Every structure is written in C-alpha cells, then in structure tokens.
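Heads up: the structure comes next, in structure tokens.
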Amino acid sequence: DSANGSHDEL
Amino acid sequence: MNIFRLAGDMTHLASVLVLLLKIHTIKSCAGVSLKTQELYVIVFATRYLDIFTSFVSIYNSLMKLIFLGSSFSIVWYMRYHKAVHRTYDREQDTFRHWFLMLPCILLALLIHEKFTFFEVMWTFSLYLEAVAILPQLVLLQRTRNIDNLTGQYIFLLGGYRGFYILNWIYRYFTEPHYVHWITWISGLVQTLLYADFFYYYFLSWKNNKKLQLPA
Numbered sequence: 025d026s027a028n029g030s031h032d033e034l
Numbered sequence: 002m003n004i005f006r007l008a009g010d011m012t013h014l015a016s017v018l019v020l021l022l023k024i025h026t027i028k029s030c031a032g033v034s035l036k037t038q039e040l041y042v043i044v045f046a047t048r049y050l051d052i053f054t055s056f057v058s059i060y061n062s063l064m065k066l067i068f069l070g071s072s073f074s075i076v077w078y079m080r081y082h083k084a085v086h087r088t089y090d091r092e093q094d095t096f097r098h099w100f101l102m103l104p105c106i107l108l109a110l111l112i113h114e115k116f117t118f119f120e121v122m123w124t125f126s127l128y129l130e131a132v133a134i135l136p137q138l139v140l141l142q143r144t145r146n147i148d149n150l151t152g153q154y155i156f157l158l159g160g161y162r163g164f165y166i167l168n169w170i171y172r173y174f175t176e177p178h179y180v181h182w183i184t185w186i187s188g189l190v191q192t193l194l195y196a197d198f199f200y201y202y203f204l205s206w207k208n209n210k211k212l213q214l215p216a
C-alpha cells in the first residue's frame with residue numbers, strides 16, 4: 025500500500 | 002529497503018531461530034513464556050491478515066509466512082509436545098492475556114490511521130506487540146536464572162526493535178510523507194521495555210558472567 029508506508033514493513 | 006530495516010528483520014529472524022533451536026534440539030522451553038508466545042501468534046495473525054490481498058514483495062510475503070509459521074509452531078511445541086511441555090514453567094508464567102489485549106483492542110478502536118477492519122486490526126497488532134514481551138520479562142524476573150539461549154533470544158528481539166527505530170529515522174529523512182506516529186510510538190514503548198533487560202545483559206557480558214537479574 026503506497027499510501028501507507030508502514031504497511032511495507034513487517 | 003534500507004540496511005537498518007534488513008538488520009532488524011534479520012535479528013528478528015535470528016531470535017526466532019534461536020528459540021526454535023532451544024525447543025527443537027534441546028527439547029526444553031524452560032524460562033520461555035507461553036503467554037508471550039501466544040500473544041505473538043495473535044500479533045502476527047492480526048497484522049498479516051492482508052497476506053493474500055496486498056502484495057509488497059516476495060521478501061515480505063515470505064517473511065510473513067515465516068513469522069506466522071514459527072510462532073504457531075513454538076506455541077504448538079510448548080503446549081502439545083510432551084518432552085517440551087514438561088519443561089514449561091507453568092506455575093511461574095501466570096500473566097493474563099486479556100489484561101494486555103483488552104486495552105490494546107480499545108486503543109486500536111480509538112486511535113488509528115483509518116477506521117477500516119484491516120487497519121484497526123493492524124493497529125491492534127502494533128499495540129499488542131509493544132507489550133507482548135511483558136509476560137516473558139515477568140517470568141525472567143521470577144525465575145532469575147537465565148540460560149544462554151533464552152538470554153540471546155530476548156537480546157535479539159530487543160535488537161530487532163532497536164534497528165527498526167533506526168530504520169524509521171532513516172526513512173523519515175529520505176522518503177517524503179513518511180510519518181507514522183502510531184507505529185513509532187508503539188515501537189518506542191516496546192523498545193523501552195527492553196532497556197532494563199539490556200542493562201543487565203551488557204553488565205553480565207562485560208564481566209563475563211552468567212546473566213542473572215536482581216530480585
């Protein structure tokens with residue numbers, strides 16, 4: 025989700 | 002992906018492997034809190050609900066599967082594997098799950114970035130992860146005698162959190178619009194909970210002595 029950068033983290 | 006994030010993920014992975022090594026090869030879970038491990042299962046199950054709906058990278062999906070699988074298997078071993086279960090400090094590991102989960106559920110319903118099911122669950126997992134280590138720290142405090150693998154497990158988990166903070170600082174300065182207060186504050190709280198443990202870990206390492214917590 026590019027709108028929410030924290031979602032590309034684990 | 003920056004070097005801090007990678008280092009954080011790798012220390013997280015290493016911590017899980019150390020714990021599995023202890024449980025699988027030594028067949029012992031002495032000093033390991035089942036409550037904390039069950040909370041981690043809930044943390045990963047609620048955070049990775051998006052595993053089939055949002056794809057970031059092969060790396061991310063693979064790591065999600067590893068963290069889900071390893072946390073489930075650790076709990077399975079501690080509950081159902083006869084030899085491992087015998088070594089579990091049941092009388093000492095008395096922390097109540099709901100005592101930690103209920104405030105996290107309420108907080109996630111009140112404070113989140115978006116009020117959608119996935120987002121509230123994701124936020125709940127962040128809050129719960131911040132405090133999930135508490136039953137483990139209480140158990141350590143009670144048993145006091147810590148074997149090397151358990152000490153390394155907690156040290157690596159704390160290291161993972163530390164690297165993630167560096168990752169956030171790096172991303173804040175290198176990526177536009179990268180501001181995530183909820184993630185940062187819960188991550189910071191989580192890391193601070195390890196501070197006391199780290200202090201005694203370094204003390205024992207410096208003096209080349211076995212790790213022992215004060216009563």
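Each protein sequence line maps, in turn, to chains A and B.
The numbering used here numbers the first residue of the first sequence as 25 and each following residue consecutively.
The numbering used here numbers the first residue of the second sequence as 2 and each following residue consecutively.
Every residue gets a Cβ at the ideal spot worked out from N, C-alpha and C, and that includes glycine.
Quick caveat: nothing in here was measured; it's all calculated off a predicted structure.
For residue i, count neighbouring Cβ atoms within 10 angstroms of its own Cβ and tell me buried if that reaches 16, exposed if not.
{"i": "B:T60", "result": "It should be pointed out that residue 60 of chain B corresponds to Tyr in this sequence rather than to Thr. It counts as exposed."}
{"i": "B:A196", "result": "exposed"}
{"i": "B:F53", "result": "exposed"}
{"i": "B:S222", "result": "In the structure as shown, chain B begins at 2 and stops at 216. Residue 222 of chain B is therefore absent and cannot be evaluated."}
{"i": "B:F232", "result": "In the structure as shown, chain B starts at 2 and stops at 216, and residue 232 of chain B therefore has no counterpart that could be examined."}
{"i": "B:L157", "result": "buried"}
{"i": "B:L141", "result": "buried"}
{"i": "B:T37", "result": "buried"}
{"i": "B:L7", "result": "exposed"}
Return helix, strand or coil for residue i, following the three-state DSSP convention.
{"i": "A:D25", "result": "Note that A:D25 scores a pLDDT of 38, beneath 50, so its modelled location is shaky and nothing firm can be said."}
{"i": "B:N61", "result": "helix"}
{"i": "B:N149", "result": "helix"}
{"i": "B:Q137", "result": "helix"}
{"i": "B:Q213", "result": "strand"}
{"i": "B:K28", "result": "coil"}
{"i": "B:Q142", "result": "helix"}
{"i": "B:V33", "result": "coil"}
{"i": "B:Q38", "result": "helix"}
{"i": "B:I67", "result": "helix"}
{"i": "B:Y179", "result": "coil"}
{"i": "A:H31", "result": "helix"}
{"i": "B:I112", "result": "coil"}
{"i": "B:E120", "result": "helix"}
{"i": "B:M11", "result": "helix"}
{"i": "B:F56", "result": "coil"}
{"i": "B:N3", "result": "coil"}
{"i": "B:E92", "result": "coil"}
{"i": "B:N168", "result": "helix"}
Pull up the distance between the alpha-carbon of residue i and that of residue j, whole angstroms please.
{"i": "B:L204", "j": "B:Q137", "result": "20 Å"}
{"i": "B:W99", "j": "B:E39", "result": "12 Å"}
{"i": "B:F5", "j": "B:A31", "result": "32 Å"}
{"i": "B:H181", "j": "A:S30", "result": "7 Å"}
{"i": "B:Y81", "j": "B:L35", "result": "12 Å"}
{"i": "B:L130", "j": "B:Y41", "result": "First, the amino acid is wrong: residue 130 of chain B is Glu here, not Leu. Cα-Cα distance, rounded: 7 Å."}
{"i": "B:Y173", "j": "B:R91", "result": "43 Å"}
{"i": "A:E32", "j": "B:L110", "result": "Before going on, a small fix: residue 32 of chain A reads as Asp here, not Glu. When rounded, the distance between both Cα atoms is 22 Å."}
{"i": "A:D25", "j": "B:F118", "result": "Below a pLDDT of 50, predicted positions are generally treated as unreliable, and A:D25, at 38, falls in that range; the measurement from the model is reported next regardless. So the two alpha carbons sit approximately 15 Å from each other."}
{"i": "B:F56", "j": "B:T151", "result": "34 Å"}
{"i": "B:R145", "j": "B:N3", "result": "37 Å"}
{"i": "B:N18", "j": "B:M79", "result": "Residue identity differs from the one stated: residue 18 of chain B is Leu in this sequence, not Asn. Looking at the two C-alpha atoms, the distance is approximately 15 Å."}
{"i": "B:A216", "j": "B:V33", "result": "18 Å"}
{"i": "B:R87", "j": "B:V132", "result": "27 Å"}
Below 7 Å between beta carbons: does that hold for residue i and residue j?
{"i": "B:I134", "j": "B:L212", "result": "no"}
{"i": "B:L20", "j": "B:Y179", "result": "no"}
{"i": "B:Y89", "j": "B:C105", "result": "no"}
{"i": "B:V139", "j": "B:F198", "result": "no"}
{"i": "B:V121", "j": "B:I24", "result": "no"}
{"i": "B:I183", "j": "B:T124", "result": "yes"}
{"i": "B:Q93", "j": "B:R143", "result": "yes"}
{"i": "B:Y200", "j": "B:L214", "result": "no"}
{"i": "B:G188", "j": "B:Y165", "result": "yes"}
{"i": "B:N149", "j": "B:G9", "result": "no"}
{"i": "A:L34", "j": "B:M102", "result": "no"}
With hydrogens ignored, establish whether the beta-carbon of residue i is closer than 6 Å to any heavy atom of the ligand SAH.
{"i": "B:F68", "result": "Absence of the ligand SAH is noted for the structure shown, with no ligands found whatsoever."}
Cβ contact check for the region 64-78 of chain B and the region 33-49 of chain B: 3 or more pairs under 8 Å: Taking 8 Å as the limit for Cβ pairs, the verdict is that the region 33-49 of chain B does touch the region 64-78 of chain B.
At least three beta-carbon pairs within less than 8 Å, the region 150-164 of chain B to the region 3-20 of chain B: With a cut-off of 8 Å, the region 3-20 of chain B and the region 150-164 of chain B count as touching, because enough Cβ pairs lie within range.
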